Amino acid sequence: MPHSDPDPITADIVLQAYSLGLFPMSESASDPSLFWVEPRIRGLIPLDGFHLSKSLRQTIRSGIFTVSIDQDFDAVIGACASTRKDTWINPRIRALFGELFERGMVHTVECRQNGRLVGGLYGLSIGAVFFGESMFHTVTDASKTALAYLVARLIVGGYRLLDTQFVTPHLASLGAIEMNHISYRGILRNALDQTGDFHALGRDIAETPDDVIRIILQARA
């Protein structure tokens, strides 16, 4: 459900909106305006329900990707925008989330292969909620690997909710589910009252492949 907002949108307004279940979007990368969205059906990934397939476990264990945390926000959000035909990531979105990244509230996961960024994601952390914004890949399984590293980090950090906004077939294959917006608001309120520690597994340096697999499988048990 779109919500128009004629007032200038600041980073603090963005934080307030997310706490109410809203998020900003643009019609296109070239459209300077923003509008608020509150989906009637919300997507989320239960942290104890992430689907870690055998093939993804093999990919993670193989070490073909070098994974880092919070190392290159500009490159990640730029790739998220450029690899989508219908991106909503315009300069205002980049500026707002860039400010929140500098404030330590937006986080990134980067996957590199031979030094080249080939996958990643970014999102906003408030309380014990991680609002996933966008992810990308240019190499098979790079975004899935980034998401697995994120999920492991959120589990250890005591997060209660991983919001995906919508459910795509790609996310559904990884365990994403849908929920009506009324039920979602209740879960959101409870999770916002708690505190998640994004850096419980350390800053900058990602957890090991074995740790990622162990943490996710233990949460599913």
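Just so we're aligned, residue 5 is where the sequence shown starts under this note's numbering, counting upward by one. From the three backbone atoms N, C-alpha and C, an ideal C-beta is built for every residue, glycine too. From a predicted model like this one, the values you see are computed outputs, not experimental measurements.
- Cβ-Cβ separation, P36 to I13 (assumed contact under 8 Å), whole Å: Along the sequence shown, one-based indexing puts residue 13 at 9. Along the sequence shown, one-based indexing puts residue 36 at 32. So it is not a contact: roughly 11 Å between Cβ atoms.
- Query: Are the beta-carbon atoms belonging to F140 and G119 less than 8 Å from one another?
  - Reply: Indexing the sequence shown from 1 puts residue 140 at position 136. Indexing the sequence shown from 1 puts residue 119 at position 115. No; because the gap between Cβ atoms is not below 8 Å, this pair is not in contact.
- Message: I need the boundaries of the beta strand (DSSP E) containing H141, first residue and last residue.
- Response: In the sequence shown, residue 141 corresponds to position 137, counting from 1. Counting along the chain, the beta strand (DSSP E) containing H141 begins and ends at 133-141.
- Message: If I measure Cβ to Cβ from V143 and keep anything under 7 Å in the same chain, skipping five residues before and after, which residues do I get?
- Response: Your numbering for residue 143 matches position 139 in the sequence shown. Same-chain partners within the cutoff: Q117, V122, G123.
- Message: I believe V160 touches A204 by the beta-carbon criterion, under 8 Å. Please report the beta-carbon distance rounded to the nearest angstrom.
- Response: As a first step, residue 160 is located in the sequence shown; it is residue number 156 there, counting from the start. As a first step, residue 204 is located in the sequence shown; it is residue number 200 there, counting from the start. Contact flag correct, Cβ pair sits at about 5 Å.
- Which whole-angstrom value describes the C-beta separation of I73 and D208, a residue pair presumed to lie in contact below a C-beta threshold of 8 Å? Residue mapping note: residue 73 aligns to position 69 of the sequence shown, counting from 1. Residue mapping note: residue 208 aligns to position 204 of the sequence shown, counting from 1. About 6 Å separates the two Cβ atoms, so the contact holds.
- Could you tell me which residues DSSP pairs with E106 in its beta bridges? On the sequence shown, position 102 is the one that residue 106 refers to. Answer by DSSP bridge pairing: none, since E106 is not bridged.
- Task: Can you check the stretch 9-91 for any alpha helix (DSSP H) of at least 4 residues that lies completely inside it and give the ranges in chain order?
- Result: 15-23, 58-66, 77-86
- Pull up the distance between the alpha-carbon of Y49 and that of L151, whole angstroms please. Numbered from its first residue, the sequence shown carries residue 49 at position 45. Numbered from its first residue, the sequence shown carries residue 151 at position 147. One detail in the question is off: residue 49 reads as Ile in this sequence, not Tyr. Each residue's alpha carbon lies about 10 Å from the other.
- Query: What first and last residue would you give for the beta strand (DSSP E) that runs through Y126?
  - Reply: Your numbering for residue 126 matches position 122 in the sequence shown. Counting along the chain, the beta strand (DSSP E) containing Y126 begins and ends at 120-130.
- Would you kindly work out how many angstroms separate the C-alpha atoms of A156 and R44, rounded to a whole number? Here the question's residue 156 lines up with position 152 in the sequence shown. Here the question's residue 44 lines up with position 40 in the sequence shown. Approximately 28 Å between the Cα atoms of the pair.
- Item | The beta strand (DSSP E) enclosing N194, as first and last residue numbers | Position 190 of the sequence shown holds residue 194. Where N194 is concerned, there is no enclosing beta strand (DSSP E), although the alpha helix (DSSP H) it sits in stretches over 185-196.
- Start and end residues, alpha helix (DSSP H) containing T149: Position 145 of the sequence shown, counted from the first residue, corresponds to residue 149. Per DSSP, T149 belongs to the alpha helix (DSSP H) from 146-160.
- Does the count of Cβ pairs from the stretch 15-29 and the stretch 94-106 closer than 8 Å reach three? yes
- Task: Return the CA-CA distance between T172 and R96, expressed in angstroms with no decimal places.
- Result: Position 168 of the sequence shown holds residue 172. Position 92 of the sequence shown holds residue 96. Distance between the alpha carbons of T172 and R96 is about 25 Å.
- If we count the other Cβ atoms within 10 Å of its Cβ and call it buried at 16 or more, is R88 buried or exposed? Counted from its first residue, the sequence shown places residue 88 at position 84. Per the 10 Å Cβ criterion, exposed.
- Query: Buried or exposed: D90, going by 16 or more other Cβ atoms within 10 Å of its Cβ?
  - Reply: Position 86 of the sequence shown, counting from 1, holds the residue named residue 90. By the neighbour-count rule (16 or more Cβ atoms within 10 Å), D90 is not buried but exposed.
- Message: Quick test of your reading: R218 and G25, contact by CB under 8 Å. State the CB separation rounded to the nearest angstrom.
- Response: Your numbering for residue 218 matches position 214 in the sequence shown. Your numbering for residue 25 matches position 21 in the sequence shown. About 33 Å; that fails the 8 Å criterion.
- Buried/exposed call for N184, threshold 16 Cβ in 10 Å: Counting from one through the sequence shown, the residue named residue 184 turns up at place 180. So N184 ends up on the exposed side.
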